[in-house]
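Student: Take a look at the following structure, please.
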Amino acid sequence: MVALLAKAVRQRQSYLINELARYGYFKSSNGRQLYELSLTELEQVHIQVKSNFGKQLGSGE
Numbered sequence: 001m002v003a004l005l006a007k008a009v010r011q012r013q014s015y016l017i018n019e020l021a022r023y024g025y026f027k028s029s030n031g032r033q034l035y036e037l038s039l040t041e042l043e044q045v046h047i048q049v050k051s052n053f054g055k056q057l058g059s060g061e
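Residue numbers for the sequence shown follow full-length UniProt numbering, beginning at 1 and rising by one.
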């Protein structure tokens with residue numbers, strides 16, 4: 001059960017890192033590489049990046 005959870009976490013981290021790379025985001029604001037971030041940190045960055053992207057689209061930039 002623990003191995004299954006760990007696998008799911010790794011898969012989600014990989015997905016988020018790939019998504020962030022698609023948006024041109026490769027490092028956190030404090031200079032750490034994305035692979036160094038926890039799942040929680042990646043989720044927060046992902047939400048922030050997508051929100052900013054949506055705002056840019058909405059403002060016509």
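Backbone N, C-alpha and C define an ideal beta-carbon position, used for all residues, glycine too. Keep in mind that this is a model prediction, so the values were computed, not measured.
Taking the alpha-carbon positions, what's the G31 to E41 distance?
Tutor: 13 Å
Student: CB-CB under 7 Å to L20, same chain, minus the five flanking residues each way: which ones, in chain order?
Tutor: L34, V45, H46, V49.
Student: Alpha carbons only, please: which of L57, F53, S59 is nearest the one belonging to G24?
Tutor: F53
Student: Out of S51, S59, S38, state which residue places its alpha-carbon closest to the alpha-carbon of I17.
Tutor: Looking at the Cα atoms, S38 is the closest of the given residues.
Student: Going by C-alpha to C-alpha distance, which of K27, S51, E43 sits closest to V9?
Tutor: E43
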